[in-house]
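Protein chains: 4
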Amino acid sequence: MIHLRRQLPYRPTERMNVVSYPIRDIVMEAKREEAKGKKMIYLNIGDPPQYGFEPFRVIADQVKVALAENWKGYAPSEGDEEFRNTVAKIEKCKPEDVFAVAGLTEGIDFFFHSFIGFGEKVLLPNPVYPLYLSKAKQFEGDSVFYRHDADGQIDVANLSKKIEGAKAMVIINPNNPLGSLYSEKNLAEVVKLCSEYDVPIFYDGSYDRLILEGKPVDFRKIARGKVPFIYGSSLSKDFSYTGARIGWVAFHGERWAEVKNAFFLLCNQRLSVNWEYQKAAAVAMVHPSYPAYIADMNRKLIERRNTFIKMAGKLPLSFPVPKGAFYAFIRIESQKWRKDLQFVRAALKEGVVFVPGSGFGRQEDGVYFRSTFLPEPHIIEEAFSKIKRLL
Amino acid sequence: MIHLRRQLPYRPTERMNVVSYPIRDIVMEAKREEAKGKKMIYLNIGDPPQYGFEPFRVIADQVKVALAENWKGYAPSEGDEEFRNTVAKIEKCKPEDVFAVAGLTEGIDFFFHSFIGFGEKVLLPNPVYPLYLSKAKQFEGDSVFYRHDADGQIDVANLSKKIEGAKAMVIINPNNPLGSLYSEKNLAEVVKLCSEYDVPIFYDGSYDRLILEGKPVDFRKIARGKVPFIYGSSLSKDFSYTGARIGWVAFHGERWAEVKNAFFLLCNQRLSVNWEYQKAAAVAMVHPSYPAYIADMNRKLIERRNTFIKMAGKLPLSFPVPKGAFYAFIRIESQKWRKDLQFVRAALKEGVVFVPGSGFGRQEDGVYFRSTFLPEPHIIEEAFSKIKRLL
Amino acid sequence: MIHLRRQLPYRPTERMNVVSYPIRDIVMEAKREEAKGKKMIYLNIGDPPQYGFEPFRVIADQVKVALAENWKGYAPSEGDEEFRNTVAKIEKCKPEDVFAVAGLTEGIDFFFHSFIGFGEKVLLPNPVYPLYLSKAKQFEGDSVFYRHDADGQIDVANLSKKIEGAKAMVIINPNNPLGSLYSEKNLAEVVKLCSEYDVPIFYDGSYDRLILEGKPVDFRKIARGKVPFIYGSSLSKDFSYTGARIGWVAFHGERWAEVKNAFFLLCNQRLSVNWEYQKAAAVAMVHPSYPAYIADMNRKLIERRNTFIKMAGKLPLSFPVPKGAFYAFIRIESQKWRKDLQFVRAALKEGVVFVPGSGFGRQEDGVYFRSTFLPEPHIIEEAFSKIKRLL
Amino acid sequence: MIHLRRQLPYRPTERMNVVSYPIRDIVMEAKREEAKGKKMIYLNIGDPPQYGFEPFRVIADQVKVALAENWKGYAPSEGDEEFRNTVAKIEKCKPEDVFAVAGLTEGIDFFFHSFIGFGEKVLLPNPVYPLYLSKAKQFEGDSVFYRHDADGQIDVANLSKKIEGAKAMVIINPNNPLGSLYSEKNLAEVVKLCSEYDVPIFYDGSYDRLILEGKPVDFRKIARGKVPFIYGSSLSKDFSYTGARIGWVAFHGERWAEVKNAFFLLCNQRLSVNWEYQKAAAVAMVHPSYPAYIADMNRKLIERRNTFIKMAGKLPLSFPVPKGAFYAFIRIESQKWRKDLQFVRAALKEGVVFVPGSGFGRQEDGVYFRSTFLPEPHIIEEAFSKIKRLL
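Residue numbers (UniProt numbering), protein chains in the order written: chain A, 1 to 391; chain B, 1 to 391; chain C, 1 to 391; chain D, 1 to 391.
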């Protein structure tokens, strides 16, 4: 028997069945095309530095400062003290309510690990950032999906049918992949419902400074005192520093003591997050030059979005107008494509990389894909010219 | 019903039952003592920079270089190309066999996640670094423990009774918490056994440059071609840069294709490891000044170890002479203490922080604790003077 | 801490989150009404003996014969030899392919336990018998639901969009709760699809002799040689002996060797099924008097169904005409009810017990309930007269 | 890809890794020997009817009575009312505290399913009836084993080191496989410890009427009011009716409300236990002729045990004198065998079937096997004559 086993490759575990990451998985196919000499336009991944967006410079400057000082041991597991103080100011909470994480990715993992038990219902948006799908499965939660209206707002009537008995609700705003910005009114209705049904909220504010249209909302103000919530964000998008791997979660409300202790244990287990970057973030996040930085970034994003809308408008494609973040979640209105993956592969052959809509949850009513509009206008134009014959 | 639930604090999941990290958990108690004004000597945690060991300077220098360049987006999930090339040279494997991880902590998580299935037997040393205990439980493996002899070598006869049917064996060398350095002969016997029973090895070489006595061993040479293995290490200990959160795993042997793909998916899911530090590591790990750096570090460690042994020798304590890393796993030979936690708490009241032996697995035959000998000799002397009356 | 815990009731495990059985759960509420003196008509549970259907008499006679003989030890775990031989004749398979189970309930548990791994996709009908929902959750499968057309046939187009990558497909025919009988043509299309995508089938034939209209189908003939399948049935419904707790699963096709071994281990673990009832079933299932028995039962069921249809036809209710089993899955066409549980509770106050449609899976497009039509016509008429004012 | 998969046999799930049943698994090997014409003596399985012990006749008589009456539908999930009343009298609890189960096997499954959460510590005896090992693994509990002294009593000192933080403790008395009968004094000490540490008890009384030596103990009297407990037993051993598949669990103490509800849900899910056998048990268990029946059975068992001890005494074998049940757990004192499975296989070649000791948990200190002494004295003598040359 041993002899036979020797012939065989090792097998991964069953758990790997639920680990996939469609946003990057498609890249492997793209790389193969590129290796053949084809030039590819990558509209699949939300990585601003790749498209000419400079990270907020203060971070790098402050990392250098920290390197010169004595921050090379393990940082406190739960986060550097200055970092937590800075976040606490932003969040209007106590420093003890803040945890530093290696990108919000880690915060999402800790949230499911510590709070969503076997078979417990967690409300997710549909469409949803894929990591939430994977983590809900890995940690054996029962994902129930709420819908959006045509404008990309949360469909509160739909939510109200599904909310009863939920352990928690996830909100991503501005939404990835929809690019929609939930309005204050929309969020207030959701908070009211969560309060009635006693459902706490995990709020993913990764893109909360990237507002392209409409009035910025501060969820913390809307929800504070009404429903317990966890607010998470990071340096990745709002500061265009995806490679820093620094984020946070902040607990709001009175009932989190045991869950915070669980976060603390999970933090302990992975020891620490890079210390110099925490020190840098502690300064950069409240630096006086940030408002000008983000205004400039949003200005560029608006321009690129407008080009994107203009180009897409000429094709049988529909999507809510993106008002935040830098994505559009697009429905193909022509009947040429029955499966999203077929379309995405065809686009890839033309030199444009998208993410199939099914990567963001089951889309029953049509064929969808996600595109970023991060590149410069002329590249967006080029991408559309390459794919237009497919639609 | 909703009304009643409102009164209650939120409850963490059952999974949290298996998450604990005794090395840091004890710190919370220590901090409370410190807050009362007591001066504490922390011998619980293996964090060289805390004890005056400077990280290898080239890393910080190279981070600055990288900050000046364009490495601020997501790094490739599986690791920066230069980083993988450098590791491949060290490992004598192909760059495709290397994965960058956020400290070996993450590599250990990925190993269990992808390779140890429900109920599959994994051989762990006893005593063992606590993360292995937690991860085996989290991923529902069946931990079976092999013993050490009085010199801290793997007890091959004991191992031979337990190896049949194991999915994998974990080796930590130099061993944490034992401080022992398995000899070439010992490892060759283990490799032979693993080869006979077709059991691949996860080799944790976190401390493989910290050799205080005896001949350094290169496990890769011993095992290559005989048994498939995964070699993991990091910048944390060998380069005294615990806060960098950069490590790697390298796959050796022909049967790992599907497991490597699983690692790739797990890497994708968490997006990336800090890019500038990878760039820095790619240069620093093969820098010509490293041999002098590590020789100096080992020289200091030997001195501190010798003080430690001298001081411990005056008390009813026994342990294998540490020949690697910077720990001793100590058995209390007096009959004064029936539970390790009682002793550790008593020591804490005297101002010295240890880790109870039970944190490293069930110790059936006595009362144990782990101490590091990282501090300067006079501090080690002070620590022993504080606790001697307890023994 | 111990002192505080003493005050608290013990808590069940998180796993209990996924255990519910809506068909019986509603009974507890009904019993409370009954205790107050209200007469209840139970249309919630498919238990023929409760409604005057005599179990096939040969079984009881043969149990007595077996009691006089020597069958009181543990039966062979996998099933009594004669029982397996009889089933093998019915199934046209080998006796070794047959396992005796304590009702098909146990067979379904074993199927999920042994075959649906973590995160593996299993295709379930919607609506579906609730046990499949619970077991898929307990064993961490990924339930994906296929739809039915207005006639209660499998919607093959819908299935074709979801089948790719499924580990197995569950078919219940005649369907519980729909009461529909999939036609030979419908099943042949499904088998073709499963064959193309290499998806084996678990076929629940619990009601396969209860055919009220249309041509009986033998799935085994349709599928044999085309796709591997497991056929399960029992004495509960086809022989009206729900309390016997005797059923079977039979494996068809060449690729089941390891799964059959897994079933064997699960059988071993629970030791045995009641031996005398297996002996009795071995004789009764092929007894010459059975055809007359089942013809009479079906005749009565048709009569009751017809009454049911007539009464329901006067109300704003719609459902596929039941052609098998003894259930109807009914959509409320009036706008008076927004939640099925509200309607079911209102009916309960009137003295009629139904099962809410949500117990059979999420019904997104309307408000449903399941009713059996097992009772005598005058009771069915009485039930409708009680509830008509609610609609 | 589909094409390739077609070639492959289906794979069972990872969960099957933890399902094994050593008592019956060895039988498969024995059957192969038997098929070659060798006569086998089966000392592996505790099935009294196989060895000439007649089941308590009243049961079969009462099944016939029940068959003539109207008990052929689903019985109430939680158990027939009369059955629960009878058990309640035996248990001195309320009928609502009693659940009917399909053999205590099912009760053990329900106990772990509902009460031992992920990673929760459950204290098991070592050696232990194998089902407890499997269920603890299936339901992801953390099994911690307590030892016995040379007389087969619970080693309370050992237990006291391990009890802290346990969710529950399992006691099997008379013990399978040890055959020991814990004394009132021993149990009182255990109860005191459990009370101090607030650890409830699952008491497996499957053999509680089979007392061969010493004073019978009634655990309920010892524990009542001191510690919450669950008492389980069945018809299998005490009534020699292994094939009946009827048992019960009874909850004692004030804190079980939620766990009882969980049991109720699990009962609902599997619908019912055979109704006629419950009716029969309700009468038989309190029938006036039972005391004579059990006295006769114990008299025979004592005779067989004495022969067993006499024969074993001539060989290098040691074990606590069995004072209950019908097993001995035997240590091989000669140095001829290093692995229990080797010895068991050698015995099998000689025509005698035992169970290897490792099936009852890890035995670190020697080589063990379990034998029943159910057969008539001359068969026991024959068995020893066959194996004596192996020792």
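Where a beta carbon is used, it is the ideal one built from N, C-alpha and C, also for glycine. All values reported here derive from a predicted model rather than from experimental measurement.
Straight-line Cα distance separating residue j from residue i
i                 : j                 : result
Leu4 of chain D   : Lys237 of chain B : Unreliable positioning characterises Leu4 of chain D in this predicted model, as indicated by a pLDDT of 48, which lies under 50. The coordinate reading is nonetheless provided below. Taking the straight line from one Cα to the other gives about 46 Å.
Met16 of chain D  : Arg11 of chain A  : 16 Å
Ile26 of chain C  : Ile222 of chain A : 39 Å
Ile171 of chain C : Gly37 of chain C  : 41 Å
Ala347 of chain B : Lys39 of chain B  : 12 Å
Asn173 of chain A : Phe202 of chain A : 11 Å
Arg32 of chain A  : Gly79 of chain B  : 18 Å
Arg389 of chain A : Leu210 of chain A : 32 Å
Ala328 of chain A : Pro320 of chain A : 7 Å
Pro125 of chain A : Tyr146 of chain A : 5 Å
Ser318 of chain B : Asn274 of chain A : 37 Å
Val19 of chain B  : Asp61 of chain B  : 37 Å
Glu213 of chain C : Trp248 of chain C : 26 Å
Phe219 of chain B : Leu193 of chain B : 15 Å
Val87 of chain D  : Lys94 of chain D  : 9 Å
Neighbour-count burial assignment, residue i, 16 or more Cβ in a 10 Å radius
i                 : result
Ile380 of chain C : buried
Asn70 of chain C  : exposed
Gly52 of chain B  : exposed
Gln278 of chain B : buried
His378 of chain A : exposed
Lys260 of chain A : buried
Lys323 of chain C : buried
Asp340 of chain D : buried
Ile2 of chain C   : Residue confidence for Ile2 of chain C is low, a pLDDT of 46 falling below 50, so the modelled location carries little weight; the figure read from the coordinates is stated next. Classification of Ile2 of chain C: exposed, given that the 10 Å Cβ count is below 16.
Ser371 of chain B : buried
The alpha helix (DSSP H) enclosing residue i, as first and last residue numbers
i                 : result
Lys121 of chain A : Element bounds for Lys121 of chain A: not the alpha helix (DSSP H) but the beta strand (DSSP E), Lys121 to Pro125.
Phe115 of chain D : Leu104 to Phe115
Ser134 of chain C : Pro130 to Gln138
Ala150 of chain B : No alpha helix (DSSP H) holds Ala150 of chain B; DSSP gives it neither H nor E.
Range of the contiguous beta strand (DSSP E) that encloses residue i
i                 : result
His252 of chain D : Gly247 to His252
Tyr10 of chain C  : No beta strand (DSSP E) contains Tyr10 of chain C, which DSSP labels as neither H nor E.
Tyr277 of chain C : Unbroken run through Tyr277 of chain C is the alpha helix (DSSP H), Trp275 to Ala284; no beta strand (DSSP E).
For the region 105 to 122 of chain C against the region 178 to 186 of chain C, do three or more pairs of beta-carbon atoms, one drawn from each stretch, fall closer than 8 Å, so that the two count as touching? no
Tell me the start and end of each unbroken alpha helix (DSSP H) in the region 307 to 367 of chain C that is at least 4 residues and wholly inside, in chain order. Every alpha helix (DSSP H) stretch that sits fully inside the region 307 to 367 of chain C and reaches 4 residues is listed by chain position as 340 to 350.
Does the region 97 to 106 of chain A touch the region 285 to 302 of chain A, meaning 3 or more C-beta pairs lie closer than 8 Å? no
Continuous alpha helix (DSSP H) assignments of at least 4 residues falling wholly in the region 47 to 96 of chain D: 57 to 68 and 81 to 91
3 or more residues per run - each beta strand (DSSP E) lying fully within the region 178 to 214 of chain A: 201 to 204
Check whether the region 103 to 111 of chain C and the region 260 to 274 of chain D touch, using three or more Cβ-Cβ pairs below 8 Å as the test. yes
Tell me whether the region 48 to 63 of chain D and the region 285 to 296 of chain D touch, counting them as touching only if at least three CB pairs, one residue from each stretch, are closer than 8 Å. yes
How about the region 61 to 75 of chain B and the region 361 to 380 of chain B: do they share at least three Cβ pairs that are nearer than 8 Å? no
Are the region 382 to 391 of chain A and the region 239 to 255 of chain A touching, with three or more C-beta to C-beta distances below 8 Å? At 8 Å Cβ cutoff, the stretches do not touch.
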